[in-house]
Every structure is written in structure tokens, then in C-alpha cells.
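Q: What follows is a structure written as C-alpha cells; I'll ask about it next.
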Amino acid sequence: MKCPYCNKNMKPGKIWQDRYALKWVPSERRFPFGGGIRLTSIIEDRPFIEAYYCDNCKILISKLKE
Numbered sequence: 000m001k002c003p004y005c006n007k008n009m010k011p012g013k014i015w016q017d018r019y020a021l022k023w024v025p026s027e028r029r030f031p032f033g034g035g036i037r038l039t040s041i042i043e044d045r046p047f048i049e050a051y052y053c054d055n056c057k058i059l060i061s062k063l064k065e
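Below is the structure:
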């Protein structure tokens, strides 16, 4: 995958959950309970999300499953 910012190749990899599921929560929410987008789940056999890392820009990009 090419980085959308610098157009260099990105490294494929995975972001693994540890004890709890990873969840994206909007900045305006004070606490992550009862909202957000769950990214991983051991129950659903998804303990990681696939992501691409750009060494140049220091960013991660991940496409969420539908």
C-alpha cells in the first residue's frame, strides 16, 4: 500500500489487543463506555486489526471490517 501523504510504500502489519478489545472513541467522549467502534474481539476471533505503517510519516492506516 502507498502512503496517501508521501506516496512511499507502507509496511503491512497487525495491531494486537492485549487484555481488552481495542475500541475507537470520538475525542469528545470522556469515557469509552457504551459507544465507539470496536476494532478487535477475542469472542469473535478477531484479536488484531490489520494496518499499514509509514516509516516516513509515522502514521498507521487500517481498513475496518464491515
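Each residue of the sequence shown is one higher than the last, beginning at 0 in numbering that gives the first Met the number 0. Even glycine gets a Cβ: it sits at the ideal position worked out from N, Cα and C.
Taking Cβ positions, are L59 and T39 nearer each other than 9 Å?
A: It is not a contact, given that the beta carbons lie outside the stated cut-off.
Q: By DSSP's criteria, N6 is part of a beta bridge. Which residues make up the other side?
A: Paired residue(s): none; N6 is not in a bridge.
Q: Indicate the three-state DSSP secondary structure (helix, strand or coil) for A50 in the structure shown.
A: In the structure shown, A50 sits in a strand (DSSP, three-state: E or B).
Q: Between which two residues does the beta strand (DSSP E) holding L59 run?
A: Element bounds for L59: I58 to I60.
Q: Helix, strand or coil for S26 per DSSP?
A: It is coil, neither helix nor strand.
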